[in-house]
Amino acid sequence: MTASTFAPLSNRQTAAAGSGVGGPDTFPKLLLEHAQLRPGRPANREKDYGIWQSWSWAEVAAEVEALACGLAAMGFRRGDKLAIIGDNRPRLYWAIAATQALGGIPVPIYQDSIADEMAFVLDHAEVRFAVAEDQEQVDKLVEIKERCPLLERVIFSDPRGMRHYDQHWLDDYAKVQERGRELARNEPGFFRGEIAKGQGSDTAIILYTSGTTGQPKGVVLSFDNIIITAKNAIEFEGLTDREEVLAYLPMAWIGEHIFSYAQAYCAGFCASCPESQATVMLDLRELGPTYFFAPPRIFETVLTQVMIRMEDAGWAKRRLFHFFLDFGRRVGPNILDRQRLPPLDRALYRIGEVLVYGPLKNTLGFSRIRIAYTAGEAIGPDLFTFYRSLGINLKQLYGMTESSVFLCIQRDGEAKPDTVGAPIKDVEIRIAEDGEVLFKSPGAFQCYYKNPEATAAAKRPDGWVHTGDSGFFDTDGQLKILDRARDVGRLQGGALFAPKFIENKLKFFPYIKEAVAFGDGRPFVAAFVNIDLEAVGDWAERRNLAYASYQELAAEEAVYDLVQGCIERVNRDLAAEPALAPSQIHRFLILHKELDADDGELTRTRKVRRRIIAERYQPLVEALYSGDAKGRIATEITFEDGRKGQMRAELAIRDIATDLPPAEPVPLMRAS
Amino acid sequence: MKQIGEPILTADRVTLAFGGVTALNEISFAIRRHEILAMIGPNGAGKTSMLNVINGFYHPQAGTITWKGATRRRMRPYHAAAQGIARTFQNVALFKGMTTLDNIMTGRLLQMRRNFLWQAIHFGPAEEEELAHRARVEQIIDFLEIQAIRKTPVGRLPYGLQKRVELGRALAMEPELLLLDEPMAGMNVEEKEDMCRFILDVNDEFGTTIALIEHDMGVVMDISDRVVVLDYGRKIADGPPDEVRTSPEVIAAYLGEEAGPHPNPNPRAVEGRGGG
Chain A
1 MTASTFAPLS NRQTAAAGSG VGGPDTFPKL LLEHAQLRPG RPANREKDYG IWQSWSWAEV
61 AAEVEALACG LAAMGFRRGD KLAIIGDNRP RLYWAIAATQ ALGGIPVPIY QDSIADEMAF
121 VLDHAEVRFA VAEDQEQVDK LVEIKERCPL LERVIFSDPR GMRHYDQHWL DDYAKVQERG
181 RELARNEPGF FRGEIAKGQG SDTAIILYTS GTTGQPKGVV LSFDNIIITA KNAIEFEGLT
241 DREEVLAYLP MAWIGEHIFS YAQAYCAGFC ASCPESQATV MLDLRELGPT YFFAPPRIFE
301 TVLTQVMIRM EDAGWAKRRL FHFFLDFGRR VGPNILDRQR LPPLDRALYR IGEVLVYGPL
361 KNTLGFSRIR IAYTAGEAIG PDLFTFYRSL GINLKQLYGM TESSVFLCIQ RDGEAKPDTV
421 GAPIKDVEIR IAEDGEVLFK SPGAFQCYYK NPEATAAAKR PDGWVHTGDS GFFDTDGQLK
481 ILDRARDVGR LQGGALFAPK FIENKLKFFP YIKEAVAFGD GRPFVAAFVN IDLEAVGDWA
541 ERRNLAYASY QELAAEEAVY DLVQGCIERV NRDLAAEPAL APSQIHRFLI LHKELDADDG
601 ELTRTRKVRR RIIAERYQPL VEALYSGDAK GRIATEITFE DGRKGQMRAE LAIRDIATDL
661 PPAEPVPLMR AS
Chain B
1001 MKQIGEPILT ADRVTLAFGG VTALNEISFA IRRHEILAMI GPNGAGKTSM LNVINGFYHP
1061 QAGTITWKGA TRRRMRPYHA AAQGIARTFQ NVALFKGMTT LDNIMTGRLL QMRRNFLWQA
1121 IHFGPAEEEE LAHRARVEQI IDFLEIQAIR KTPVGRLPYG LQKRVELGRA LAMEPELLLL
1181 DEPMAGMNVE EKEDMCRFIL DVNDEFGTTI ALIEHDMGVV MDISDRVVVL DYGRKIADGP
1241 PDEVRTSPEV IAAYLGEEAG PHPNPNPRAV EGRGGG
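Residue numbers (the working numbering), protein chains in the order written: chain A, 1 to 672; chain B, 1001 to 1276.
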């Protein structure tokens, strides 16, 4: 530890101040700068053998130099691609920097890819070198080596179990570094010389996006793309070199790359790697990050765990918890949004902070969070409000691999559950005639690697990039994302119809598991609903409602009432937004069976296949629009053992009131 | 390939009886250095009794055990442990209220040199010693991939993980011979696969000799170098898995006479009879 660790607060530098425009234009140059400016500050941590091990910026620079020189000694040339496969480990992050230092291009691959998927990327990106975390990843490479003739050398980081591997093309990471140190001794200027050759317009990385259709596409991003975008976001949020982040999401995902590598290198803060995937939540608690990103499902898991554990707590604790949670839901977000509050509420919130909010945040590892983001998919308003009511500054952002992430970020004090914020510096966003979101940004990608057709379809000559998302700006100038553009249609009246947006709103209710909205070319919106057997079953039990099967429960009058209540609330929300008011749900039915991937109704990642569902349940869709009070259907179903059978049902259809006045928000998320 | 060496443990005509019941009847076999030896047999065949004799828990009425050249009739489990024989139990025998870490630390007890008072003061050499042991234990935790449950009381863990913790505690003793009593009982397929990998890795990386009792024939045939078959206290076969698999006597013991010889006995059928 050096004196700089104890530098007073006033010495904290934002990245903008430390390395403004005209500063280092590649990550290896930024690395050298940090090694000089803040040599003793931690750059990486990893929990290993139960202890957090740290590497300072100076140490990381030395490790990267050793690896880069070792790679050079193995014949790595400028422009070569190096694949990186494994969980988040400092050594794998160093491999990215080392590749970039040599003018090569890192290609991270999802660590849970099966061998075939890996072979596609390795082959398509013409990868010559790979750094693999451990035996598990090496085994996959051994399996596909024959099929990837371009792959020459594989470097493994963890030698466990590797003793009996005698393939000549396998090398130990530590040995490569050893050779590198030797080369560095003989040619002291080599590393810096190679770094100096790089410039901002060079390709920094190729990230393969998991396409929902067809083969993955390799998004090519330059140093300028990533560094300018990352710095703009740093400036926007006022991030400093004192931030703490946990690097725990897949390295092949752009978000992880930006938060734990790009922004860490731009601002000079430390990225810490968890001990294993299974310990992430424990490590989070120990580390206490100040800057945190998670997709909605992680926030949801954490909330569920809290609720389950609170149910086991004593009576007094439970009462206290729920009292302050309800109170926090009312005033917490206002406090974060810096609104005026009656002094009594403010005082009570302080007491709540001491008794409930503080200890809870501490248990979750969220005590020190200044900024938390969620993105990737829509987040339920209750979930969003829950975290904000604890005083956690959870915000949403909008971005994608093709834009180096940041396009829109919610400003502090303006976080709403259903928007993604306003465009940040240097980003322009336009809504096309058909509702598609278009952008111009310094982060706009170079091209899809070796895929000119796809590139031309997304990047138009006029400079606008087509996102494929459909959205609009609300009255506050914040962007709302509705759906993938190709799923968006129009009602007969000409109003926009975004099925996924409506379905998500329905699915935020714990009682609704799946929903399918219809409306394209129809006079109004109608919906199929799948109830959540567990949540509704529990609800029914507490009401002494007997049922024997999903089908029976789904047909219950009381369950219809329950779902109708949920839909009415969605309608109130939709009615409040002029652009969406025509999309209110007029009629619905509860399906007699759960939509299932085995029947082809859902994808394996549980996305609704709306076209297939519309075909299969054609009579029911017609019944929704014919005004009948009942729909009849016979469906073919696949049993667990693969046998097929017929299932006949007569389903009730209900009409729902629309254009209701907005209701007072009622907390939904009750432990059940 | 690994080198299987000289016998490190030899059982010579071991006989053990409880009252009128002869649990082991003149059993002789050897465990060779660095091998994985599986002991199989129907329920009540005497497999666990044999392990108990080896680690000194039972004292045979006749016969001897030779461990690393020293022949003995009677030995206390404490001495067996001190001389490098560690074991796990059929019904997990951990300290339920203690954490995974503390449970594995108990495996280091025999190697602790400082006395109780030193430990209590936890100063100087005692502290250094504890740190060294903790480092070793952390390596085992890493090896068995149980970092996430380091601080969890073992009583709250699912059975499969408790088995893994128990293996960890045995490994903490750095044994030369590891005795595993049904390490995979009650596990699902994935847990079994994990356990197989750990057993093979222990054998490979640490060079530990392993004797195990197991009912899952798939597992036994896959991982063991040699198989000893017991039936009603008698040894009926001893040899490589392929040889034992086709031995008529073994098939008879397991499947009944009428099944006749079969090149690949259905593991499920075997498990059905033996997996108690």
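Ideal Cβ placement from N, Cα and C applies to all residues, glycine included.
> According to the neighbour-count rule (16 or more other Cβ atoms, all chains shown, within 10 Å of its Cβ), is Met647(A) buried or exposed?
Replying inline: Numbered from its first residue, the first sequence carries residue 647(A) at position 647. Per the 10 Å Cβ criterion, exposed.
> Buried or exposed: which applies to Thr658(A), given that a residue is buried once 16 or more other Cβ atoms fall within 10 Å of its Cβ?
Replying inline: Translated into the one-based positions of the first sequence, residue 658(A) becomes position 658. With 16 or more Cβ atoms within 10 Å of its Cβ, Thr658(A) is classed as buried.
> Pick from Ala1252(B), Ile1141(B) and Pro1241(B): whose alpha carbon is nearest that of Ala1038(B)?
Replying inline: Counted from its first residue, the second sequence places residue 1038(B) at position 38. Ranking the options by Cα distance to Ala1038(B), first place goes to Pro1241(B).
> Do you know how far the Cα of Gly1233(B) is from the Cα of Gly1019(B)?
Replying inline: Within the second sequence, numbered from 1, the residue matching residue 1019(B) stands at position 19. Within the second sequence, numbered from 1, the residue matching residue 1233(B) stands at position 233. About 14 Å.
> What in chain A is Cβ-close to Ile1223(B), meaning under 9 Å?
Replying inline: Against the second sequence, residue 1223(B) aligns to sequence position 223. Under the 9 Å cutoff, chain A gives no residues; its nearest Cβ is about 15 Å from Ile1223(B).
> Do you know offhand how far Pro289(A)'s Cα is from Ser54(A)'s?
Replying inline: The residue given as residue 289(A) occupies position 289 in the first sequence. The residue given as residue 54(A) occupies position 54 in the first sequence. So the alpha carbons of these two residues sit roughly 15 Å apart.
> Which chain B residues are close to Ser276(A), counting only those with a beta carbon under 8 Å from its beta carbon?
Replying inline: Residue 276(A) sits at position 276 when you count from the first residue of the first sequence. Chain B residues near Ser276(A): Glu1145, Gln1147 and Ala1148.
> Hey, does Glu1205(B) have any beta-carbon neighbour from chain A nearer than 9 Å?
Replying inline: Walking along the second sequence from the start, residue 1205(B) turns up at place 205. By this cut-off, Glu1205(B) is an interface position.
> Got a sec: is the Cβ-Cβ distance from Asp683(A) to anything in chain B below 9 Å?
Replying inline: Nothing about residue 683(A) can be reported from this structure: the residues present for chain A run from 1 to 672 only.
>> By the three-class DSSP mapping on this structure, what secondary structure does Gly1272(B) have?
In response: In the second sequence, residue 1272(B) corresponds to position 272, counting from 1. Annotation note: pLDDT 37 at Gly1272(B) (below 50); position unreliable, coordinate value reported separately. Helix at Gly1272(B).
> What does Ile1199(B) reach in chain A if we use C-beta pairs closer than 8 Å?
Replying inline: Taking the second sequence and counting its residues from 1, the one referred to as residue 1199(B) is at position 199. In chain order: nothing, as chain A lies at least about 13 Å away.
> Can you name the residues of chain A whose CB is closer than 7 Å to the CB of Glu1138(B)?
Replying inline: Here residue 1138(B) corresponds to residue number 138 of the second sequence, with the count starting at 1. Those are Tyr49 and Gly50, listed as they occur along chain A.
>> Per DSSP, what are the beta-bridge partners of Pro423(A) in this structure?
In response: Here the question's residue 423(A) lines up with position 423 in the first sequence. BP columns for Pro423(A) point to Cys408(A).
> Can you tell me whether Phe518(A) is buried or exposed, with buried defined as 16 or more other CB within 10 angstroms of its CB?
Replying inline: What you label residue 518(A) is simply residue 518 of the first sequence in a count that begins at 1. It is buried - the Cβ of Phe518(A) has at least 16 other Cβ atoms within 10 Å.
> Counting only beta-carbon atoms, is Asp1142(B) nearer than 9 Å to chain A?
Replying inline: Against the second sequence, residue 1142(B) aligns to sequence position 142. Yes, because at least one Cβ of chain A sits closer than 9 Å to the Cβ of Asp1142(B).
> Closest Cβ-Cβ distance between Arg1164(B) and chain A: below 9 Å?
Replying inline: In the second sequence, residue 1164(B) corresponds to position 164, counting from 1. For Arg1164(B), the nearest beta carbon of chain A is not closer than 9 Å to its own beta carbon.
> Is any beta-carbon of chain B found at less than 9 Å from that of Thr279(A)?
Replying inline: Residue numbering aside, residue 279(A) sits at position 279 when the first sequence is read from its first letter. So yes, Thr279(A) belongs to the interface.
>> Please confirm whether Ala1135(B) has its beta-carbon closer than 9 Å to some beta-carbon of chain A.
In response: For the purposes of this step, residue 1135(B) is identified with residue 135 of the second sequence, where counting begins at 1. Answer yes: the Cβ-Cβ gap between Ala1135(B) and chain A drops below 9 Å somewhere.
>> Out of Val608(A), Gln100(A), Leu348(A) and Leu82(A), which one is the CA nearest neighbour of Val121(A)?
In response: Here residue 121(A) refers to the residue found at position 121 when the first sequence is read from its first residue. Out of Val608(A), Gln100(A), Leu348(A) and Leu82(A), Leu82(A) has the C-alpha closest to the C-alpha of Val121(A).
>> Need the endpoints of the beta strand (DSSP E) that Ala1211(B) sits in, please.
In response: Against the second sequence, residue 1211(B) aligns to sequence position 211. From DSSP, the beta strand (DSSP E) with Ala1211(B) extends over Thr1209 to Ile1213.
> Should Ser157(A) go down as buried or exposed, given a rule of 16 or more other Cβ atoms within 10 Å for buried?
Replying inline: Translated into the one-based positions of the first sequence, residue 157(A) becomes position 157. For Ser157(A), the number of other beta carbons within 10 angstroms of its own is at least 16, and it is reported as buried.
> DSSP three-state call for Asn1052(B): helix, strand or coil?
Replying inline: For the purposes of this step, residue 1052(B) is taken as residue 52 along the second sequence, with counting starting at 1. Looking at Asn1052(B) - three-state DSSP - the assignment turns out to be helix.
>> Pop quiz: Gly399(A) and Arg411(A) are said to be a contact at Cβ under 8 Å. What is the actual Cβ separation, rounded to whole angstroms?
In response: Stepping through the first sequence from its first residue, residue 399(A) is reached at position 399. Stepping through the first sequence from its first residue, residue 411(A) is reached at position 411. That belief does not hold up - the Cβ atoms of Gly399(A) and Arg411(A) are roughly 16 Å apart, past 8 Å.
> Taking the Cβ atom as the reference point for each residue, do Phe190(A) and Cys69(A) lie within a distance shorter than 9 Å?
Replying inline: Taking the first residue of the first sequence as 1, we reach residue 190(A) at position 190. Taking the first residue of the first sequence as 1, we reach residue 69(A) at position 69. In contact: Phe190(A) and Cys69(A) (Cβ atoms closer than 9 Å).
> What is the DSSP secondary structure of Arg128(A), reduced to helix, strand or coil?
Replying inline: As a first step, residue 128(A) must be located in the first sequence, where it is residue number 128. Arg128(A): strand per DSSP, three-state reduction.
> Given that Leu282(A) touches chain B, what residues does it touch there, using C-beta distances under 9 Å?
Replying inline: Translated into positions along the first sequence, residue 282(A) becomes position 282. Residues of chain B passing the Cβ test: Gln1147, Ala1148, Arg1150 and Lys1151.
> What in chain B is Cβ-close to Gly161(A), meaning under 7 Å?
Replying inline: Taking the first sequence and counting its residues from 1, one reaches residue 161(A) at position 161. Asp1201, listed in chain order.
> Can you give the Cα-Cα distance for Asp538(A) and Thr229(A), rounded to whole angstroms?
Replying inline: Position 538 of the first sequence, counted from the start, is the residue given in the question as residue 538(A). Position 229 of the first sequence, counted from the start, is the residue given in the question as residue 229(A). C-alpha separation (whole angstroms): 47 Å.
>> Pull the bridge partners of Glu650(A) from the DSSP assignment, please.
In response: Taking the first sequence and counting its residues from 1, the one referred to as residue 650(A) is at position 650. Answer by DSSP bridge pairing, in chain order: Arg632(A).
>> Does chain B have any CB closer than 9 Å to the CB of His257(A)?
In response: Working through the first sequence from its first residue, we reach residue 257(A) at position 257. So, not an interface residue.
> How many angstroms separate the CA atom of Ala3(A) from the CA atom of Gly40(A)?
Replying inline: Numbered from its first residue, the first sequence carries residue 3(A) at position 3. Numbered from its first residue, the first sequence carries residue 40(A) at position 40. Caution applies to Ala3(A), whose pLDDT of 35 falls short of 50 and renders its modelled position unreliable; the model cannot decide the point.
> In this structure, does DSSP put Cys266(A) in helix, strand or coil?
Replying inline: By 1-based counting over the first sequence, the position of residue 266(A) is 266. Under the three-state reduction of DSSP output, Cys266(A) falls in the helix class.
> Taking only runs of the beta strand (DSSP E) that begin and end inside the stretch 104-128 of chain A, which ones reach a length of at least 3 residues, in chain order?
Replying inline: 105-109
> How is Gly1239(B) classed by DSSP in three states: helix, strand or coil?
Replying inline: Taking the second sequence and counting its residues from 1, the one referred to as residue 1239(B) is at position 239. Strand.
>> Below 8 Å on the Cβ atoms is my contact criterion, and I expect Ile429(A) with Phe439(A) to pass it. Report the Cβ-Cβ distance as a whole number of Å.
In response: Taking the first sequence and counting its residues from 1, the one referred to as residue 429(A) is at position 429. Taking the first sequence and counting its residues from 1, the one referred to as residue 439(A) is at position 439. With a contact defined as Cβ atoms closer than 8 Å, Ile429(A) and Phe439(A) qualify at about 5 Å.
> Taking only beta-carbon atoms, is His322(A) less than 9 Å away from chain B?
Replying inline: In the first sequence, residue 322(A) corresponds to position 322, counting from 1. No, His322(A) does not count as interfacial toward chain B.
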